[in-house]
Amino acid sequence: MIEGFTALYIFMLAAFTGYEVISRVPVILHTPLMSGSNFVHGIVVVGAMVALGHAETGLEMTIGFVAVFLAAGNAVGGYVATVRMLEMFQPKKGD
Amino acid sequence: MDMLIEIVYFISAIVFIVGLKQMSSPVTARQGIVWAGIAMAIATFVTFGDPAVYAHGSMNVILIVIAIVAGSIIAYITAKRVEMTDMPQMIAIYNGMGGGAAAAIAAVELVKVAGGAEAPNTTVLTLATLGAIIGAVSFSGSAIAFAKLQGLINKTLRLPMHMVINLVIFAAMLVLGGMMAFTGEIDPTMLLIFFVLTIIFGIMFTLPIGGADMPVVISLFNALTGLAVAFEGFLLQNAAMIIAGTVVGSSGTLLTQLMAKAMNRPISNVLFSSFGSDGGGADEEVEGSMKEVQAPDAAIMMAYASKVIIIPGYGMAVAQAQHKLAELTKVLEARGVEVKYAIHPVAGRMPGHMNVLLAEAGIDYDRIYDLEDINPEFPSSEVALVIGANDVVNPVARSNPDSPIYGMPILDADRAQNCIVIKRGRGAGFSGIENHLFYADNTQMLYGDGQKMVGELVAGVKDLG
Numbered sequence: 422m423i424e425g426f427t428a429l430y431i432f433m434l435a436a437f438t439g440y441e442v443i444s445r446v447p448v449i450l451h452t453p454l455m456s457g458s459n460f461v462h463g464i465v466v467v468g469a470m471v472a473l474g475h476a477e478t479g480l481e482m483t484i485g486f487v488a489v490f491l492a493a494g495n496a497v498g499g500y501v502a503t504v505r506m507l508e509m510f511q512p513k514k515g516d
Numbered sequence: 011m012d013m014l015i016e017i018v019y020f021i022s023a024i025v026f027i028v029g030l031k032q033m034s035s036p037v038t039a040r041q042g043i044v045w046a047g048i049a050m051a052i053a054t055f056v057t058f059g060d061p062a063v064y065a066h067g068s069m070n071v072i073l074i075v076i077a078i079v080a081g082s083i084i085a086y087i088t089a090k091r092v093e094m095t096d097m098p099q100m101i102a103i104y105n106g107m108g109g110g111a112a113a114a115i116a117a118v119e120l121v122k123v124a125g126g127a128e129a130p131n132t133t134v135l136t137l138a139t140l141g142a143i144i145g146a147v148s149f150s151g152s153a154i155a156f157a158k159l160q161g162l163i164n165k166t167l168r169l170p171m172h173m174v175i176n177l178v179i180f181a182a183m184l185v186l187g188g189m190m191a192f193t194g195e196i197d198p199t200m201l202l203i204f205f206v207l208t209i210i211f212g213i214m215f216t217l218p219i220g221g222a223d224m225p226v227v228i229s230l231f232n233a234l235t236g237l238a239v240a241f242e243g244f245l246l247q248n249a250a251m252i253i254a255g256t257v258v259g260s261s262g263t264l265l266t267q268l269m270a271k272a273m274n275r276p277i278s279n280v281l282f283s284s285f286g287s288d289g290g291g292a293d294e295e296v297e298g299s300m301k302e303v304q305a306p307d308a309a310i311m312m313a314y315a316s317k318v319i320i321i322p323g324y325g326m327a328v329a330q331a332q333h334k335l336a337e338l339t340k341v342l343e344a345r346g347v348e349v350k351y352a353i354h355p356v357a358g359r360m361p362g363h364m365n366v367l368l369a370e371a372g373i374d375y376d377r378i379y380d381l382e383d384i385n386p387e388f389p390s391s392e393v394a395l396v397i398g399a400n401d402v403v404n405p406v407a408r409s410n411p412d413s414p415i416y417g418m419p420i421l422d423a424d425r426a427q428n429c430i431v432i433k434r435g436r437g438a439g440f441s442g443i444e445n446h447l448f449y450a451d452n453t454q455m456l457y458g459d460g461q462k463m464v465g466e467l468v469a470g471v472k473d474l475g
């Protein structure tokens, strides 16, 4: 179980990690980076799957369905948008 | 099976962090996102092995598959089709979807408690409720940001006593959430009002913010969604969500700070006061007059220069002039002219927006310079070509302490020997502030559509043989 101070420690360390990882990114990559981090929080899809999985009433199932739908959209949309942008930064072949 | 899931989540968390790290260089960036994508696909796949997914029968599993497929297809098609110029609003909408998902996860659990299920302990319930608030605000706020950038909402709406209304909604939202979290007793009606309030707050919060400030807002909502995902991760005891969400939360906060800093405005100022409303009052008389130039003459100036610095702004994106600019770069370099691009940190509607568009047109990123690197070079360049940029080259930011943009770092286009400004009309910029650069002695105005005018410049340079 992740709780109490263990949770707090994880939260703190992850927060510092995020800060450090980003601090050396050049301006030209800011938009792809924002898009990329937007994709990373698409991991919410695994939580949404569990939420819908153990939903019982019709209302819970409806909300759970919306959760999975939105989360999948976040993950896939974020991924495709990021890759499309980054492809433009690839060195041109034969140029 | 549980062990396998834990291991996969653990590895995913590492890959996400390494992937973001790889995005700090243009060379490894694509590799980073591809690895993160693979990690997320595997994490999603193994989650089907989680007993919690089967807790309520196969109907739910079928619904999960349908929802994933439907969400993926719609997002895939829209992300593939969208024009590069419209990318900011699409990122806003995908981000909003993530926030909505986090809020919906909280909603499922809270509805369960309302229906008589045992409430989790107060700490977890508090985090879940906070995640619901943050996620729902990010959801509706991002939707408004999308509508604004897409041009569906043109005005900055500001009700009388807007701040007071927002504060009241905010307080009511917190009180309701606090009551649910601390008592653990949830009434369905109360829950409904709670979620309606959070969604209204997101709308009301974003409506008065002008389009020029949207980069900061999208960045902020991105960080908020990350935080909401992390909080729901605590609710579901899911380490991958906690770590990935928190990393995005903190990195997004940093990015938001960088953006606001580039505009030299505190974040609170961006969020709580709209630009146009307090500006304008400090207008002083502008000396000099605007001088018009024709494209062939401007082309000659550039063709015989040794160094040309091009300053693109949002107007370039609107006019879709980046491909013509790439062509202009090519013909100028063929004549031995050194061509550099100067990008202001807040040019466009997102940080790095201009860079993406220029890269799309095939302009190498080593030709593109940040503000600090390029400013010393203006005095030694014969021509600065401003296309669709306005406030970021307004020297008033340096000279007039009464101006609303005073103190904002600007590109010193006025210090180039000559300045050519391509502009559609004679109006003021996004902020409504007169641009003194346009009246300067060494500035000449080239009126017309950006794409058409750059096309004429290309033709003009070519005509010189």
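Sequences listed follow chains A and B, in order.
All residue numbers for the first sequence refer to my numbering, where the first residue is 422 and numbers rise by one.
All residue numbers for the second sequence refer to my numbering, where the first residue is 11 and numbers rise by one.
Even for Gly, the Cβ is constructed at its ideal location relative to N, Cα and C.
Neighbour flag for residue i against chain A, beta carbons, 8 Å
i: Asp288(B); result: At Asp288(B) the pLDDT is 41, less than 50, meaning the model places this residue with poor confidence and gives no usable figure here.
i: Met33(B); result: yes
i: Val71(B); result: yes
i: Gln99(B); result: no
i: Pro130(B); result: no
i: Val257(B); result: yes
i: Pro36(B); result: yes
i: Ala46(B); result: yes
i: Asp60(B); result: yes
i: Ser229(B); result: yes
i: Ala146(B); result: no
Rounded C-alpha distance that separates residue i from residue j
i: Thr216(B); j: Lys317(B); result: 42 Å
i: Glu466(B); j: Gln304(B); result: 10 Å
i: Ala426(B); j: Gly325(B); result: 21 Å
i: Gln332(B); j: Phe490(A); result: 36 Å
i: Ile175(B); j: Pro218(B); result: 13 Å
i: Gly417(B); j: Ala492(A); result: 41 Å
i: Ala428(A); j: Val347(B); result: 58 Å
i: Val92(B); j: Gly106(B); result: 17 Å
i: Arg505(A); j: Lys90(B); result: 8 Å
i: Ile443(B); j: Asp451(B); result: 19 Å
i: Gly501(B); j: Ala146(B); result: With chain B represented from 11 up to 475, any question about residue 501(B) goes unanswered, as that position is not in the structure.
i: Gly468(A); j: Phe211(B); result: 25 Å
i: Met13(B); j: Phe20(B); result: 10 Å
i: Ala423(B); j: Phe192(B); result: 58 Å
i: His363(B); j: Pro198(B); result: 44 Å
i: Arg408(B); j: Thr453(B); result: 18 Å
Own chain partners of residue i with C-beta closer than 6 Å, once the 5 adjacent residues on each side are dropped
i: Gly7(B); result: Given that chain B is displayed from residue 11 to residue 475, the structure contains no residue 7(B) and the question cannot be resolved.
i: Val97(B); result: Correcting the residue identity first, residue 97(B) is Met in this sequence and not Val. There are no such residues.
i: Val227(B); result: Ala155 and Ile219
Below-8 Å beta-carbon distance, residue i vs any chain B residue
i: Gly485(A); result: yes
i: Leu429(A); result: no
i: Phe510(A); result: yes
i: Phe426(A); result: no
i: Gly474(A); result: yes
i: Gly439(A); result: yes
i: Thr452(A); result: yes
Own chain residues within Cβ distance below 8 Å of residue i, not counting five before or after
i: Val71(B); result: Phe58, Val63 and Tyr64
i: Val366(B); result: Met94 and Met97
i: Leu120(B); result: Ala138, Thr139, Ala142, Met190, Ile196 and Leu201
i: Ile252(B); result: Ala240, Gly243 and Phe244
Residue i and residue j closer than 8 Å at C-beta
i: Pro306(B); j: Gly470(B); result: yes
i: Gly236(B); j: Thr478(A); result: no
i: Ile84(B); j: Gly494(A); result: yes
i: Gly460(B); j: Gly358(B); result: no
i: Ile353(B); j: Tyr379(B); result: yes
i: Pro225(B); j: Leu450(A); result: no
i: Ala254(B); j: Val471(A); result: no
i: Ile384(B); j: Leu342(B); result: no
i: Val403(B); j: Val393(B); result: no
i: Met214(B); j: Ile163(B); result: no
i: Ile101(B); j: Met433(A); result: no
i: Ala369(B); j: Phe510(A); result: yes
Cutoff 7 Å; reference residue i; Cβ partners in own chain excluding five residues on either side
i: Leu456(B); result: Val303, Ala305, Ala308, Ile430, Val431, Ile432 and Met463
i: Phe448(B); result: Met300, Val431 and Met455
May I have a chain-ordered list of the beta strand (DSSP E) segments no shorter than 3 residues that lie completely inside the stretch 330-389 of chain B? As far as the stretch 330-389 of chain B is concerned, its whole beta strand (DSSP E) runs of at least 3 residues are 348-353 and 378-380.
In chain order, which continuous runs of the alpha helix (DSSP H) of length 4 or greater are located wholly inside the stretch 439-466 of chain A? 451-461
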